[in-house]
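Visitor: Okay, here's the structure, questions in a sec.
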Amino acid sequence: MSYILDIVAPAVPADDSAAYDFIDQLRLASDADALAPAPALLAFHSAITQQFPCLSTCSDDAALEQCVWSDGPLLNNFSGDMGTIAISSRVGEVLPAILRLAPELGLTVADQQRDKIHRPPGFRVVLLGTKEGWNPDQVAARLAPLFKRSQEHTRAMLDGPRLTIKQGLDRAMAQRYLDTLERLGCSCAIEADGPAPAKAPVVAEAAKAAVIAMATLEPIVAEAAKAPVVAAAANTPPSQEDLAMQRWLKTVSPSMPPKPAAVVKMDDNAFQDEQMADLADGQKQYIYMIACNLVLLKMWAGDFKLALMLLCFVAILIQSILGILRMASGLQLSPTAKALAIVSIFVPVLGLIVLLLMNGAASKQLKEAGYRVGWLGVSAQERAMLRGRGPGPGIRNGALATAALILLTIGVGGGAKAKAGAGRDDTSHPCALVGVWTAERTNSVYQVTLNESGAFDAQAIVRGGFSGATVYGTWEVRKDNIHWTYAGGSPASDVNPLTMRKGSQGFTVLETNGEETRYTLIKRLSAARCEQGDD
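Take the sequence shown: its letters are residues 242 to 776, numbered as in the working numbering.
Given below as structure tokens:
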């Protein structure tokens, strides 16, 4: 007769009846599918066969006689999240060893022959302070995003009394917490949630045959079962601090072995982080593109080259599509919904409504997952933690979008400056001279019109009105001289020194014969260039 035990990796329900049902379901799943054993079960097999060799490794009759297992290879008895082993001899020696080893690996031992379930004890991680030689302020700064607390709060945690960081852990996960916190500069310790389990006494072999006297095992099992029973909390949702610590553990120590009781769910957790990363990165790109679009609208209102505006529009459009696709992926939208979201970009009002709805849904999921979402989305540090490997493509895209926004802003400033500069005076045709003037000299009076384009016309004024033919040509100012070029007249051109009169709207021209002609303003001419700035 063999003594049969079930070794279970996942945490089992606190109620024994529900626990047995759970184990039976695992057994059916293991029998139906040939699954690779969970890492904790592999570790258990390796450790127990070092103490009690597997039947398949026994090379002679003497070794076979000493083998404690009913069948072999023993590894074939493990599949998926559980294994079933049969002890054929030396039960008083093998059973205590199993009951000591399994809890260390977070494994549950179900002894259905005695209707007893031995759950692994819980452990807690205690923060003692800062490691010797480490700067407390720097350690507090590293812990602040981990615990989602201010740096002052985490510094107070380090300086205060002993603080339990996490309890109810199996030994492997408690070690991961400890290693991670010590790597960040904390001094920590692992303690049992209750009294330390007593070692089971070594009891002589009850019989050489497979027939076992149950009374002989009574003190062994009772002694080994003194360790406190920790109720499973599989249905209790983790707090935000727990989620943050789990994400941090995957970020700073990806090479550490996974928690044995959650081997099957590790991929699900990783997918959840990638999903949240897509949401956070897509939302960040969406926010950047809204800002870039506002700047682009400013460019449309300005005097910019069409090619530059089209180039900026295409760049913003591509970034917007990438952001929407990433956010839609994080929201797990169907391909059809993704396509409709992209099409909505080209419909002004509909596109805005769709983007606002997607942004609201993304913010809600991120907040429910324990992240802080501000006006600019999730912080770069938390998005790096989400990826579990430092800044990912989304963060680089965000940096690219930031650079595009800065360049657009510089472009708008430069364009506005250029536009303002264009609105200021043309030195060859000063706005101060553009207008209709009365030109008076000793024996004659003329009405002279100086246009901003550089054309002029002049006609003599007599008592009854204008007299004689109108003189046409062009005018230009060079180095305080006004240059006249006459259309078909003689002389062909003339150069006269120019002096602006102070205190009045006018100027004086010195003629070639030494006589002065005084120009007095009749009216200014409307000119777009001159309306924006005058000298």
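Backbone N, C-alpha and C define an ideal beta-carbon position, used for all residues, glycine too.
Small disclaimer: the values here were computed from a predicted structure and weren't measured.
According to the Cβ coordinates, are alanine 281 and leucine 336 closer than 9 Å?
Guide: The answer is no: Cβ separation not under 9 Å.
Visitor: Evaluate contact between the stretch 313-333 and the stretch 245-259, counting only Cβ atoms and requiring at least three cross-stretch pairs below 8 Å.
Guide: Because the criterion of three Cβ pairs below 8 Å is met, the stretch 313-333 and the stretch 245-259 touch.
Visitor: Which first and last residues belong to the beta strand (DSSP E) in which histidine 286 is found?
Guide: Unbroken run through histidine 286 is the alpha helix (DSSP H), 280-292; no beta strand (DSSP E).
Visitor: Could you tell me how far apart the beta carbons of aspartate 411 and proline 361 are, in whole angstroms, since I believe they sit closer than 8 Å?
Guide: 5 Å between Cβ atoms; contact.
Visitor: Is it right to say arginine 567 is buried, meaning 16 or more other beta carbons lie within 10 angstroms of its own, or is it exposed?
Guide: Buried, by the Cβ-count rule.
Visitor: I need the DSSP call for aspartate 400, collapsed to helix, strand or coil.
Guide: In the structure shown, aspartate 400 sits in a helix (DSSP, three-state: H, G or I).
Visitor: Is phenylalanine 587 helix, strand or coil by DSSP?
Guide: If DSSP states are grouped into helix, strand and coil, phenylalanine 587 belongs with coil.
Visitor: Can you tell which of Asp352, Leu419, Leu316 and Ala603 has the C-alpha that lies nearest to the C-alpha of glutamine 524?
Guide: Residue Ala603 is the option with its Cα nearest to glutamine 524.
Visitor: Name the residue from Leu305, Phe263 and Leu315 whose alpha carbon lies nearest to the alpha carbon of alanine 288.
Guide: Comparing Cα-Cα distances from alanine 288 to each of Leu305, Phe263 and Leu315, the minimum goes to Leu315.
Visitor: Would valine 675 and tyrosine 760 be called neighbours here (beta carbons separated by less than 9 Å)?
Guide: Result no, Cβ atoms of valine 675 and tyrosine 760 do not sit closer than 9 Å.
Visitor: Are isoleucine 358 and valine 253 touching if we call contact CB-CB under 9 Å?
Guide: Taking 9 Å as the Cβ cut-off, isoleucine 358 and valine 253 qualify as a contacting pair.
Visitor: Using the beta-carbon count (16 or more within 10 Å), is proline 576 buried or exposed?
Guide: With fewer than 16 other Cβ atoms within 10 Å, it is exposed.
Visitor: Starting from the C-beta of alanine 351, find all residues in its chain whose C-beta is less than 6 Å away, skip the five residues before and the five after it, and write them out in chain order.
Guide: Counting only Cβ-Cβ distances below 6 Å, and skipping sequence neighbours, we find Asp247, Ile264 and Ile358.
Visitor: Which word fits serine 320, buried or exposed, when buried means at least 16 other C-beta atoms lie within 10 angstroms of its C-beta?
Guide: Serine 320 should be labelled buried.
Visitor: At the level of alpha carbons, what is the spacing between glycine 426 and alanine 381?
Guide: Going from the Cα of glycine 426 to the Cα of alanine 381 covers about 9 Å.
Visitor: Tell me the rounded alpha-carbon separation between lysine 389 and serine 570.
Guide: Cα to Cα, the separation comes out at about 27 Å.
Visitor: Among Leu739, Glu756 and Gly755, which one has its Cα closest to the Cα of threonine 749?
Guide: Considering only alpha carbons, the answer is Leu739.
Visitor: Determine the burial state of leucine 538: buried for a count of at least 16 other Cβ atoms within 10 Å of its Cβ, exposed for fewer.
Guide: With fewer than 16 other Cβ atoms within 10 Å, it is exposed.
Visitor: Ends of the beta strand (DSSP E) at proline 738?
Guide: Unbroken beta strand (DSSP E) run through proline 738: 734-741.
Visitor: Got a sec, what are the start and stop residues for the alpha helix (DSSP H) arginine 341 sits in?
Guide: Note, arginine 341: alpha helix (DSSP H), 332-345.
Visitor: Beta carbon of glycine 714, beta carbon of glutamine 700: below 9 Å?
Guide: No, the pair does not count as a contact, with Cβ atoms beyond the cut-off.
Visitor: Determine the contact status of isoleucine 723 and valine 712, defining contact as a CB-CB distance below 9 Å.
Guide: No. Outside cutoff.
Visitor: Report the residue from Ser258, Gln606, Glu345 and Arg396 whose alpha carbon sits nearest the alpha carbon of glycine 363.
Guide: Out of Ser258, Gln606, Glu345 and Arg396, Glu345 has the C-alpha closest to the C-alpha of glycine 363.
Visitor: Roughly how many angstroms lie between the CA atoms of leucine 368 and tyrosine 418, to the nearest whole one?
Guide: Each residue's alpha carbon lies about 11 Å from the other.
Visitor: Give a yes or no on whether the C-beta atoms belonging to cysteine 295 and glycine 313 are separated by under 9 Å.
Guide: Yes, the Cβ-Cβ distance between cysteine 295 and glycine 313 is below 9 Å.
Visitor: Apply the 10 Å Cβ neighbour rule to isoleucine 406 and answer buried if 16 or more other Cβ atoms are within range, or exposed otherwise.
Guide: Burial call: buried.
Visitor: Helix, strand or coil for leucine 766? Go by DSSP, reduced to three states.
Guide: It is coil, neither helix nor strand.
Visitor: What does DSSP give as the partner residue(s) for arginine 365 in the beta ladder?
Guide: Answer by DSSP bridge pairing, in chain order: Glu432.
Visitor: Hey, how far is the Cα of proline 278 from the Cα of leucine 342?
Guide: One C-alpha to the other measures close to 17 Å.
Visitor: My assumption, with CB atoms under 8 Å, is that methionine 530 sits in contact with serine 561. Please give the rounded CB distance.
Guide: At roughly 5 Å, the Cβ-Cβ gap stays under 8 Å, so methionine 530 and serine 561 are in contact.
Visitor: Glutamate 423 and arginine 365 look like a contact to me (Cβ under 8 Å); what is the Cβ gap, rounded to whole Å?
Guide: Contact doesn't hold; Cβ gap of about 16 Å is too wide.
Visitor: If I measure Cβ to Cβ from alanine 260 and keep anything under 7 Å in the same chain, skipping five residues before and after, which residues do I get?
Guide: Here the set comprises Val253, Pro254 and Ile358.
Visitor: Measuring alpha carbon to alpha carbon, tell me which of Ser694, Ile528 and Glu681 ends up nearest serine 669.
Guide: Ranking the options by Cα distance to serine 669, first place goes to Ser694.
Visitor: Buried or exposed for phenylalanine 707, going by 16 or more other Cβ atoms inside 10 Å?
Guide: Exposed is the call here.
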